[in-house]
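*Asks:* Here you go, one structure.
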Amino acid sequence: MIRKISIGLFCVFFLVTLTACKLGVSHEAAPETVKNASTGFSNKALTIAVFEGAYGKSYWEEVVKRFEADYPGVRVNIIANPKIMDVIKPMNIAGNPPDFLYAPFTESTNMVRSMIGSRSFTDLTGLFDSPALGQDEPLKGIMMDGILDYARPYGDGKVYMAPNYVTTEGLWYNKALFKEKGWSPPRTWDEFWALGEAASGEGISLFTYPGVYPGYIGSMLWSSIASESGVAGIEAIMNYEKGSFGTPEVKRVLELFEKMADTGALMPGTVALNHTQAQSEFLKNKALFIPNGSWLEGEMKDISRAEGFEFGFLLTPTFEPDDPQFARISFEAMFIPEKAKNKELAMEFIKYQYRDDIIRLNAEKSTGVIAVRSGAELAKDSLPASVYDSATVFERGVQPFLFEWRVTPPTPFSINDEVFNPINTVMKGDMSVDQWIDHVEKTFARLRDLLDKVK
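Residue numbers (the numbering used here): 1267 to 1721.
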């Protein structure tokens, strides 16, 4: 496996070890944390920038209050925005970035990936080697098994990102509707298509997705490819290997989307909808399935829906009933910019996020699961049933994996856009699967050339 300049290309190791770790589920009681915090920081002013997305901002507002209370004299300035990277861009350009940043790798500006590529974040290895707050083991010892391997982007053994929210991705459906109609969740693609025919008779489309943000398709695409081609196929794609996106196994999966277009299975108007609009239509039973992550139920908690709607989590179907099932997990992360003015206090703030009581607070406010060994159990009382179900699916033999592109120097394009934007064109019948493959393979070639120049 290639590890040079990679974000967590430890997939084989991870599939072997993470299956036993059950996505952060622990049946051992977590020790209580100590609230008497040291206040011996010379600089007590901290600026944090947080992405206001599916998990909202109420958690960050509350945790700031608690942090200030536990660290007398500390004052935290919080910047929260759905477009946080645009907001802090002038600060970064001026050489005055925030001290702490929480933002997903998939944010729309691609700035987080660019900052990783340009080594613009602080080495956090020492932080994870130091004791966890109120516990007798190092911070790295309480983390979800294998997750920190994914936080070492340069193959040098050093950690540059602090994992926080961990999610399971797949398909989501209305359990109440299925019960009402006597339908069973599909295990195979044949069963999936048969459900489409049944739903069509009820005036319901089979499938929708956020057409404005087609990257959501990744919640099902990569797991489908993993089931067909195994870890080796996924690893080859993550490394931009020649021909990896055009193998017979991958093409068979891509043809599923072409079939959706050809059979009218896609909900009308899908390609013009953003994530909120597509998810709202799904909640109204306009489509049976939508690809998404376990943040979906919390994100849509205040949106009107069909009476009795009950979220259900579904693993991506397979071609044969005995094919192995995979589920992609992903995590979001916290960073300290290399030019931050108060790294010491920012590191303490990161440590604070992993206290048991703070993990519970996070779940109460965001319904999120944090990437520690006991994350799902600590959050259980605050999690919707579908979220807990998705977090514990690996107890039933499902194989988890993480998908992350190999890091390259900054590029004028986004690899996710190059892979996923053609889906809309395929869905409209204006592009064939072969053309989609050719487009992605040409992009892979550009990235290989770029990587060859920095060897």
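Ideal Cβ positions, reconstructed from N, Cα and C, are used throughout, including at glycine.
Remember, predicted model here, so these are calculated numbers, not experimental data.
Looking at the secondary structure, which residues open and close the beta strand (DSSP E) in which Gln1388 lies?
*Replies:* Working through the sequence shown from its first residue, we reach residue 1388 at position 122. Here residue 1388 is Thr; the residue named in the question, Gln, does not match the sequence. Premise fails: Thr1388 is in no beta strand (DSSP E) and is neither H nor E.
*Asks:* Alpha carbon to alpha carbon, how far is Asp1422 from Glu1318? Give it in angstroms, no decimals.
*Replies:* Taking the first residue of the sequence shown as position 1, residue 1318 is located at position 52. Taking the first residue of the sequence shown as position 1, residue 1422 is located at position 156. For Glu1318 and Asp1422, the distance between alpha carbons rounds to 32 Å.
*Asks:* Where does Trp1561 fall in DSSP's three states?
*Replies:* Taking the first residue of the sequence shown as position 1, residue 1561 is located at position 295. Looking at Trp1561 - three-state DSSP - the assignment turns out to be coil, as it is neither helix nor strand.
*Asks:* Can you tell me where the beta strand (DSSP E) holding Gly1578 begins and where it ends?
*Replies:* Mapped onto the sequence shown, residue 1578 falls at position 312. Unbroken beta strand (DSSP E) run through Gly1578: Phe1577 to Leu1580.
*Asks:* Can you tell me whether Glu1598 is buried or exposed? The criterion is at least 16 other CB atoms within 10 Å of its CB, across all chains shown.
*Replies:* Working through the sequence shown from its first residue, we reach residue 1598 at position 332. Under this definition Glu1598 is a buried residue.
*Asks:* Does the pairing of the region 1520-1538 with the region 1617-1629 give three or more beta-carbon distances under 8 Å?
*Replies:* No: fewer than three Cβ pairs fall under 8 Å.
*Asks:* Might you give, ordered along the chain, the residues of its own chain that have their beta carbon closer than 6 Å to the beta carbon of Met1600, omitting 5 neighbours on each side?
*Replies:* Within the sequence shown, the letter at position 334 stands for residue 1600. Within the same chain, Met1600 has close Cβ partners Tyr1368, Ala1428, Asn1430 and Ile1616.
*Asks:* Any idea what DSSP makes of Glu1598, helix, strand or coil?
*Replies:* For this step, residue 1598 is matched to residue 332 along the sequence shown. Looking at Glu1598 - three-state DSSP - the assignment turns out to be strand.
*Asks:* Considering only C-alpha positions, which residue in the set Gly1512, Ser1510 and Phe1523 is nearest to Trp1455?
*Replies:* The residue labelled residue 1455 in the question sits at position 189 within the sequence shown. Minimum Cα distance to Trp1455 is reached at Phe1523.
*Asks:* Here's the rule: buried if 16 or more other CB atoms are within 10 angstroms of the residue's CB, otherwise exposed. What is Glu1614?
*Replies:* As a position in the sequence shown, residue 1614 is number 348, starting the count at 1. Per the 10 Å Cβ criterion, buried.
*Asks:* Give me the residue from Arg1453, Asn1347, Glu1670 and Leu1390 with the minimum Cα distance to Trp1326.
*Replies:* Position 60 of the sequence shown, counted from the start, is the residue given in the question as residue 1326. Selected option, being the one with the closest Cα: Asn1347.
*Asks:* Three or more C-beta pairs closer than 8 Å, one from the region 1698-1705 and one from the region 1511-1523: is that the case here?
*Replies:* Touching, yes, given that three or more Cβ pairs across the two stretches are closer than 8 Å.
*Asks:* Which word fits Ser1485, buried or exposed, when buried means at least 16 other C-beta atoms lie within 10 angstroms of its C-beta?
*Replies:* What you label residue 1485 is simply residue 219 of the sequence shown in a count that begins at 1. The residue is buried, with at least 16 neighbouring Cβ atoms inside 10 Å.
*Asks:* My assumption, with CB atoms under 8 Å, is that Gly1436 sits in contact with Leu1580. Please give the rounded CB distance.
*Replies:* On the sequence shown, residue 1436 is found 170 positions in, with the first residue counted as 1. On the sequence shown, residue 1580 is found 314 positions in, with the first residue counted as 1. Going by Cβ atoms, the distance from Gly1436 to Leu1580 rounds to 6 Å, so yes, they are a contact pair.
*Asks:* Work out the CA separation of Ser1656 and Ser1450 for me, nearest whole Å.
*Replies:* Taking the sequence shown and counting its residues from 1, one reaches residue 1450 at position 184. Taking the sequence shown and counting its residues from 1, one reaches residue 1656 at position 390. Each residue's Cα considered, the two are about 18 Å apart.
*Asks:* Relative to the C-alpha of Gly1339, which residue among Glu1547, Asp1588, Leu1312 and Gly1448 is closest?
*Replies:* Taking the first residue of the sequence shown as 1, we reach residue 1339 at position 73. Comparing Cα-Cα distances from Gly1339 to each of Glu1547, Asp1588, Leu1312 and Gly1448, the minimum goes to Leu1312.
*Asks:* Please state whether DSSP places His1293 in a helix, a strand or coil.
*Replies:* The count along the sequence shown starts at 1 and reaches residue 1293 at position 27. Only weak support is given to the placement of His1293: the predicted model assigns it a pLDDT of 35, under 50, and the value that follows is read from those uncertain coordinates. Correct three-state label for His1293: coil.
*Asks:* Identify the continuous beta strand (DSSP E) that holds Gln1665 and give its terminal residues.
*Replies:* In the sequence shown, residue 1665 corresponds to position 399, counting from 1. From DSSP, the beta strand (DSSP E) with Gln1665 extends over Gln1665 to Leu1668.
*Asks:* Take the Cβ of Ala1651 as the centre, count every other Cβ of all protein chains shown within 10 Å, and call the residue buried at 16 or more, exposed below.
*Replies:* Translated into the one-based positions of the sequence shown, residue 1651 becomes position 385. With fewer than 16 Cβ atoms within 10 Å of its Cβ, Ala1651 is classed as exposed.
*Asks:* With a CB to CB cut of under 8 Å and the five nearest residues on each side skipped, what residues in its chain are close to Gly1499?
*Replies:* Here the question's residue 1499 lines up with position 233 in the sequence shown. Ile1491, Ala1492, Ser1510, Thr1513, Glu1515 and Val1516.
*Asks:* DSSP three-state label for Ser1698, please.
*Replies:* The residue you call residue 1698 lines up with position 432 of the sequence shown. Residue state, collapsed to three classes: coil.
*Asks:* Across which residues does DSSP place Lys1688 in a beta bridge pair?
*Replies:* Within the sequence shown, residue 1688 is the residue found at index 422, counting from 1. A small fix is needed here, since residue 1688 is Pro in this sequence, not Lys. Looking at the DSSP assignment, Pro1688 forms no beta bridge with any residue, so it has no partner.
*Asks:* Determine the extent of the beta strand (DSSP E) in which Val1316 is found, giving its start and end residues.
*Replies:* Here residue 1316 refers to the residue found at position 50 of the sequence shown. Its beta strand (DSSP E) spans residues Ala1311 to Phe1317.
*Asks:* Would you kindly check if the distance between the Cβ of Asp1389 and the Cβ of Tyr1439 is under 8 Å?
*Replies:* Position 173 of the sequence shown, counted from the first residue, corresponds to residue 1439. Position 123 of the sequence shown, counted from the first residue, corresponds to residue 1389. No.
*Asks:* Contact criterion: CB-CB distance below 8 Å. Does Glu1327 meet it with respect to chain B?
*Replies:* Absence of chain B from the displayed structure is noted, only one protein chain being present.
*Asks:* Considering only DSSP beta bridges, list what Tyr1368 is partnered with.
*Replies:* Locating residue 1368 in the sequence shown gives position 102, counting from the first residue. Answer is Val1316 and Met1600.
*Asks:* Could you check what DSSP says for Met1533 in three-state terms: helix, strand or coil?
*Replies:* On the sequence shown, residue 1533 is found 267 positions in, with the first residue counted as 1. Coil at Met1533, not helix or strand.
*Asks:* DSSP state of Leu1437, grouped into three classes?
*Replies:* To locate residue 1437, count along the sequence shown from 1; it is residue 171. Three-state result, Leu1437: strand.
*Asks:* Where does Val1342 sit, in a helix, a strand or coil, going by DSSP?
*Replies:* Mapped onto the sequence shown, residue 1342 falls at position 76. Reduced to three states, the DSSP call for Val1342 is strand.
*Asks:* Nearest by alpha-carbon distance to Trp1488: which of Asp1696, Asn1309 and Pro1666 is it?
*Replies:* Reading the sequence shown from its first residue, position 222 is the one you call residue 1488. Checked all of Asp1696, Asn1309 and Pro1666; the closest Cα to Trp1488 is Pro1666.
*Asks:* Please go through the same chain and pick out, in chain order, the residues whose beta-carbon is closer than 8 Å to the beta-carbon of Ser1648, but skip the five residues on each side of it.
*Replies:* For the purposes of this step, residue 1648 is taken as the residue at position 382 of the sequence shown. For Ser1648, where only same-chain residues beyond five positions count, the Cβ hits under 8 Å are Arg1626, Ala1629, Glu1630 and Thr1633.
*Asks:* Which residues mark the beginning and the end of the alpha helix (DSSP H) in which Ser1722 is found?
*Replies:* Absent from the structure is residue 1722, since the part of the chain shown begins at 1267 and ends at 1721.
*Asks:* Assuming Phe1473 is part of the beta strand (DSSP E), what are its boundary residues?
*Replies:* By one-based count along the sequence shown, residue 1473 stands at place 207. Residues Ser1471 to Phe1473.
*Asks:* Hey, how far is the Cα of Asn1551 from the Cα of Ser1466?
*Replies:* Here residue 1551 refers to the residue found at position 285 of the sequence shown. Here residue 1466 refers to the residue found at position 200 of the sequence shown. Roughly 12 Å between the two C-alpha positions.
*Asks:* To the nearest angstrom, how far is it from the Cα of Gln1543 to the Cα of Gly1400?
*Replies:* Against the sequence shown, residue 1543 aligns to sequence position 277. Against the sequence shown, residue 1400 aligns to sequence position 134. Rounded to the nearest angstrom, the two C-alpha atoms are 44 Å apart.
*Asks:* Cβ of Asp1411 within 8 Å of Cβ of Pro1404?
*Replies:* Within the sequence shown, numbered from 1, the residue matching residue 1411 stands at position 145. Within the sequence shown, numbered from 1, the residue matching residue 1404 stands at position 138. Contact flag unset, no.
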